[in-house]
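Have a look at this one:
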């Protein structure tokens, strides 16, 4: 195997394009690892919706919705530190899909310890709109 192939395989494992080609230049893991398990996974699936070639955007949105609902049942606030806030603001500002940006914002605000229930319902609603309005599928 050539060095180029090894490097490409390593990038597919360590830095997959669907997680690091966001318009903000931020890689998903840099935010998700600060949000706790359920909200981190919700953010991951919203982040990659429409970006991963082997998955369907509806399926990614449905998975994000599943994790948001799970977070509502088992909420623990991870409270990311202030350095993560600045990076997340950059991600949201650069997100071209307004509905995805809205869902990202609600997930992140809930992770920051704001009235979580309200923001998790907002995230759930935003993700349902992505599924229903963008793809015509009932959530």
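Residue numbers (my numbering): 924 to 1062. All residues carry an ideal CB built from backbone N, CA and C; glycine is no exception.
Burial check for residue 1040: the Cβ neighbour count within 10 Å stays below 16, so the residue is exposed.
Take residue 1013, set aside five residues on each side of it, and the residues of its chain with a beta-carbon closer than 7 Å to its own are 947 and 949, in chain order. One Cα belongs to residue 977, the other to residue 1004, and the distance between them is close to 33 Å. Taking 8 Å as the upper bound for CB-CB distance, residue 1015 and residue 1027 are in contact here, some 5 Å apart. Residue state for residue 980 is assigned as helix, using DSSP reduced to three classes. Annotation for residue 1023: 969, 972 and 1053 place their beta carbon closer than 7 Å to its own, counting only its chain and skipping 5 residues before and after. Put simply, the backbone Cα of residue 1001 is about 24 Å away from that of residue 1017.
Contact annotation: residue 954 and residue 991 have beta-carbon atoms that are not nearer than 8 Å. For residue 1032, same chain residues with a beta-carbon under 7 Å away, outside a window of 5 residues either side, are 1042 in chain order. Contact between residue 1034 and residue 962 holds: CB atoms are separated by about 5 Å, below the 8 Å threshold.
Within the model, the alpha-carbon separation for residue 944 versus residue 975 is close to 10 Å. For the options 958, 1020 and 1055, the alpha carbon positioned closest to that of residue 998 is the one of 958.
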